Amino acid sequence: MASAVPRVPRVAIYARQSVDEDQGIAQQLEDCRTEVHRRGWRVVAEHQDNDTSASKERGPKTAWSAMLKAFDAGEFDTVIVTETSRITRSLIDVLDIRPPQRDIRVVVIREGIDTELDDFMLKQLVLLAEREVRIKTERAARYAVGRRLAGHPTPGKPPHGYGWVPSIERDAAGTRYRVDEAEAEDVRRIFREFLAGAPLAQIARDLGDAGSLTRRGVRWHSSTVRRVLLNPLYAALLPPAQPTGHFDATAIDLDACTPGAWEAIIERDQLVASRGRLIGVRANHSGTARKWLLSGLAVCAICSHPVRSASGETHPTARKAGGGAAPSRRYHAYRCPKGHFMRNGDIIDQYVSNICVARLSQEDAIDLITPRSDSIDIAVLNSTREALKGRRQSIASFVARGLMTDIEADGSLMEISRELQAISDQIALAVREDPFAELAVVDDVEAWWDSATLARRRLIVDGLMVVRIKPVGHGRRVTTSDAAAASVDVEWRRG
Ligand SMILES: [Zn+2]
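No gaps in the numbering here: position 493 of the sequence shown is 492 in numbering that gives the first Met the number 0, and each next residue is one more.
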C-alpha cells in the first residue's frame, strides 16, 4: 500500500573498484553522496568492494553481500551507484537486487536510471542474467552426464582405500581415484573377513587392534565396516545419482551402475556376496503381495480368526473457535473379520517389529536357524546370478558390434535365461526353506530388518511367533509401545 506522505528514501551507497577502471572508490562515494544530498535523501550506509586486490573476495565476505543482508533486515530501500557496471561485476549480480529475488530501488547516476520511474534497463539486464544462468546450468548438467558416462566419480572425498587425484596430476584417461595401498589393504581385509563369516563388530575390533583408523581418524565401528561392504565404488562401479540428501547405499541397483574409470580394490562378486548377506535377496513378490506386516498373520484374541487389514478414518470433533472440524484422515488398521475390533495398525506393527529385532539380536539367535540338509549358500547363488547377467550383457554387445548374429545370440540367451530361472528358483527355495538362514551371517539385525522386504519380515514374524490382537475399549487410543504390549499377546514358536 502506498503511504500518503512520501517517505524520504533511505539510501545505501555502493562503490566498487575494479582493475580496468580508473575512477577510484573515493570518487564514486563522493559522487553518490552529492547526488543523494541534491535529491534531499538520506544516506544510511556506504558499502565498498575492492576487486583489484590480489584475493578477489566472492560470496559472503563481500560488501555486496553485507549490503544484501542489510536490505533484508530492512535497513534501507534504495541503492545508488555511479554506473551500472558498479552493480554488475558479473552480470548475474543484478539478479540479487531486482525482482523476483529482491525489489531494491536502484539509482544509477551516469545513466540516469531510477527503477522507481523506469526499470526497463534493469529488466533487460535481469533477462540477460537469467539467460546466462540457464546456459551455465545446462552446460554443467551436460558436463555431469558426460563425466558419468566416462565413468568418473563426482568430485568429493573418495572412500577409504582411494585418494583423489587433482586435475593437474591426472593421466590421459582423467582418472580421479588413486588406490591408497595401505587403506586398500583394510578394505580387502574387511571383505575377506566378512565373507569368511566374521561378524561386523569383530572385524571392526580387529582393525582397531591392528592400528587402522577410519578416514576420519577414529576407530572402526560396525556401521563403518558395513558401509564399506555395501559400497559399489570398491568394485569400480559408479552408482546412479540419488536425490540429494537421500543417499541410501542399500537402495543401489548394481545393474544400474556404470563401470568406473578407476582401479577396483575388490571383485564384483565379493561385493554382490557381501551386499547379499547384509541386505538380503530382494525378492520380487507379486500377486498375493501384502501391504501390512500382520494382515492374515496375527489373529483375533477372542475368536482366533486371522485379522484383515482395513482403512480407518479419523472423525475429528469441531473446534470451539470456529473453523469447523479438522479434515478427517485415513489410517492403516487391523480388524477382526467377526467384528471384535478395529485398531490402529501402525503401533502394533512397530511393537511386533521391536520384539522381532530384540529376539534376533540375542546371543542365541543362531539357534533359531534350523540346520539344513543341503547347505545352499545364498551368497554363492547370488554371485552366479550376477555372472549370468554379465554374460547376457556381453552377448547384447557382441550383437550390437556385429560379432554375433541374432540367431546365434538367441540360442545363448535362451540358455542363460533358463539358468537364471533355475538360480532364482533355488534362491527362492532356500529362502522359503528357512527365512532365518540369512540371519546367520547378519550382524546388524536392526539395519537388516529395516531394509528387508515386507515379505521377508512377514516370514520372520510367522516363523517366530503367533500374534494375538485383543480388542481395546471403544474410543481408547493405544499410542505407546507399553500400551500396545498390554493389548497384544505374543506366543513364541521358536526359542
Ligand atoms: Zn474376533
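Glycine included, every Cβ here is placed at the ideal spot set by N, Cα and C.
Note that the coordinates shown come from a computational prediction; the quantities given were computed from them, not determined experimentally.
Same chain only: Cβ atoms within 7 Å of R177, ignoring 5 sequence neighbours per side | Here residue 177 refers to the residue found at position 178 of the sequence shown. Within the same chain, R177 has close Cβ partners Y161, G162 and V164.
How far does the beta strand (DSSP E) with Y161 in it reach, from first residue to last?
-> Within the sequence shown, the letter at position 162 stands for residue 161. Here the beta strand (DSSP E) through Y161 covers Y161 to W163.
Under 9 Å between the Cβ atoms of F75 and A25?
-> Translated into positions along the sequence shown, residue 75 becomes position 76. Translated into positions along the sequence shown, residue 25 becomes position 26. Not in contact: F75 and A25 (Cβ atoms no closer than 9 Å).
Does at least one heavy atom of ligand 1 sit under 8 Å from the Cβ of H339?
-> Along the sequence shown, read from residue 1 onward, the residue named residue 339 stands at position 340. Result yes, Cβ under 8 Å from ligand 1.
Would DSSP call W40 helix, strand or coil?
-> By one-based count along the sequence shown, residue 40 stands at place 41. W40 falls in the coil class under three-state DSSP.
Could you tell me the distance, in whole angstroms, from the CA atom of T479 to the CA atom of V489?
-> Along the sequence shown, one-based indexing puts residue 479 at 480. Along the sequence shown, one-based indexing puts residue 489 at 490. Distance between the alpha carbons of T479 and V489 is about 17 Å.
Between which two residues does the beta strand (DSSP E) harbouring W491 extend?
-> Walking along the sequence shown from the start, residue 491 turns up at place 492. Looking at the DSSP string, the run of the beta strand (DSSP E) that includes W491 is V487 to W491.
Enumerated in chain order, which unbroken segments of the beta strand (DSSP E) with a length of 3 residues or greater are wholly contained in the segment 117-150?
-> none
Is C256 near ligand 1, with its Cβ less than 8 Å from a heavy atom?
-> Here the question's residue 256 lines up with position 257 in the sequence shown. No, the beta carbon of C256 sits no closer than 8 Å to any heavy atom of ligand 1.
Under the three-state reduction of DSSP, which class applies to G286: helix, strand or coil?
-> To locate residue 286, count along the sequence shown from 1; it is residue 287. Residue confidence for G286 is low, a pLDDT of 33 falling below 50, so the modelled location carries little weight and cannot support an answer.
Backbone CA spacing between R32 and E131 [nearest angstrom] = Position 33 of the sequence shown, counted from the first residue, corresponds to residue 32. Position 132 of the sequence shown, counted from the first residue, corresponds to residue 131. Roughly 33 Å between the two C-alpha positions.
Within 9 Å, strictly: CB atoms of L387 and I415 = As a first step, residue 387 is located in the sequence shown; it is residue number 388 there, counting from the start. As a first step, residue 415 is located in the sequence shown; it is residue number 416 there, counting from the start. Yes, they are a contact pair.
Looking at C-alpha atoms only, which residue of V477, L229 and C335 is the closest neighbour of I346?
-> Numbered from its first residue, the sequence shown carries residue 346 at position 347. The candidate whose alpha carbon is nearest that of I346 is V477.
Give the secondary structure of A320 by DSSP, where H, G and I count as helix, E and B as strand, and everything else as coil.
-> Taking the first residue of the sequence shown as position 1, residue 320 is located at position 321. Any reading at A320 is ruled out, since the residue's pLDDT is 49, under 50, leaving its predicted position unreliable.
For H339, the residue or residues it bridges with in DSSP | The sequence position of residue 339 within the sequence shown is 340, counting from 1. In the DSSP output, where bridge partners are listed per residue, H339 has none listed.
Note down the Cα distance separating E407 from M413, rounded to an integer number of angstroms.
-> Position 408 of the sequence shown, counted from the start, is the residue given in the question as residue 407. Position 414 of the sequence shown, counted from the start, is the residue given in the question as residue 413. Answer to the nearest angstrom: the Cα atoms are 10 Å apart.
Between the Cα of R187 and the Cα atoms of S393, D409 and V227, which residue gives the shortest distance?
-> Taking the sequence shown and counting its residues from 1, one reaches residue 187 at position 188. Ranking the options by Cα distance to R187, first place goes to V227.
For N513, which residues does DSSP report across the bridge?
-> In the structure as shown, the chain starts at 0 and stops at 494, and residue 513 therefore has no counterpart that could be examined.
What did DSSP end up calling P370 once you bin it into helix, strand or coil?
-> In the sequence shown, residue 370 corresponds to position 371, counting from 1. The predicted position of P370 is uncertain, since its pLDDT is 49 and thus under 50; no value can be drawn from it.
When you compare only the Cα positions, how much space is there between A11 and K68?
-> As a first step, residue 11 is located in the sequence shown; it is residue number 12 there, counting from the start. As a first step, residue 68 is located in the sequence shown; it is residue number 69 there, counting from the start. Taking the straight line joining both Cα atoms gives about 12 Å.
C-alpha distance - R141 paired with T153, whole-angstrom precision = Residue mapping note: residue 141 aligns to position 142 of the sequence shown, counting from 1. Residue mapping note: residue 153 aligns to position 154 of the sequence shown, counting from 1. Distance between the alpha carbons of R141 and T153 is about 14 Å.
Taking M341 as the reference, which of V379, V356, S352 and C299 has the closest Cα?
-> Stepping through the sequence shown from its first residue, residue 341 is reached at position 342. Considering only alpha carbons, the answer is C299.
My understanding is that D366 touches L199, with C-beta atoms under 8 Å, so please give their C-beta distance in whole angstroms.
-> The sequence position of residue 366 within the sequence shown is 367, counting from 1. The sequence position of residue 199 within the sequence shown is 200, counting from 1. Going by Cβ atoms, the distance from D366 to L199 rounds to 20 Å, so no, they are not a contact pair.
Exposed or buried, which one is Y13 when buried takes at least 16 other CB atoms within 10 Å?
-> Along the sequence shown, one-based indexing puts residue 13 at 14. Buried, since its Cβ has 16 or more Cβ neighbours within 10 Å.
With burial defined as no fewer than 16 other Cβ atoms inside 10 Å of the residue's Cβ, what is the status of T61: buried or exposed?
-> To locate residue 61, count along the sequence shown from 1; it is residue 62. So T61 ends up on the buried side.
Could you spell out where the alpha helix (DSSP H) holding S529 opens and where it closes?
-> Shown here, the chain extends from 0 to 494; a query on residue 529 therefore has no answer.
In three-state terms, what does DSSP make of C302?
-> Along the sequence shown, one-based indexing puts residue 302 at 303. Of the three classes helix, strand and coil, the one that applies to C302 here is coil, per DSSP.
What does DSSP give as the partner residues of N49 in its beta bridges?
-> For this step, residue 49 is matched to residue 50 along the sequence shown. Note: N49 sits in a beta bridge opposite Q16.
Put E82 into one of helix, strand or coil per three-state DSSP.
-> Here residue 82 is taken as the residue at index 83 of the sequence shown, counted from 1. It is coil, neither helix nor strand.
Pairing CB atoms from the segment 112-130 with CB atoms from the segment 84-95, are three or more of them under 8 Å?
-> yes
Within 10 angstroms of its Cβ, does E168 collect 16 or more other Cβ (buried), or is it exposed?
-> Residue mapping note: residue 168 aligns to position 169 of the sequence shown, counting from 1. Exposed.
Please list, in chain order, all residues of the same chain as L232 whose beta carbon is under 6 Å from its beta carbon, the five residues on each side excluded.
-> To locate residue 232, count along the sequence shown from 1; it is residue 233. Contacts found: P158.
If you draw a straight line from the C-alpha of T249 to the C-alpha of R218, how long is it?
-> Walking along the sequence shown from the start, residue 249 turns up at place 250. Walking along the sequence shown from the start, residue 218 turns up at place 219. Taking the straight line joining both Cα atoms gives about 23 Å.
For S310, three-class secondary structure by DSSP = Walking along the sequence shown from the start, residue 310 turns up at place 311. Of the three classes helix, strand and coil, the one that applies to S310 here is strand, per DSSP.
Note down the Cα distance separating K156 from R400, rounded to an integer number of angstroms.
-> As a first step, residue 156 is located in the sequence shown; it is residue number 157 there, counting from the start. As a first step, residue 400 is located in the sequence shown; it is residue number 401 there, counting from the start. Their Cα atoms are separated by approximately 37 Å.
Given a cut-off of 9 Å, decide if I264 and A234 are closer than it, judged by their beta-carbon atoms.
-> The sequence position of residue 234 within the sequence shown is 235, counting from 1. The sequence position of residue 264 within the sequence shown is 265, counting from 1. Cβ atoms of A234 and I264: closer than 9 Å.
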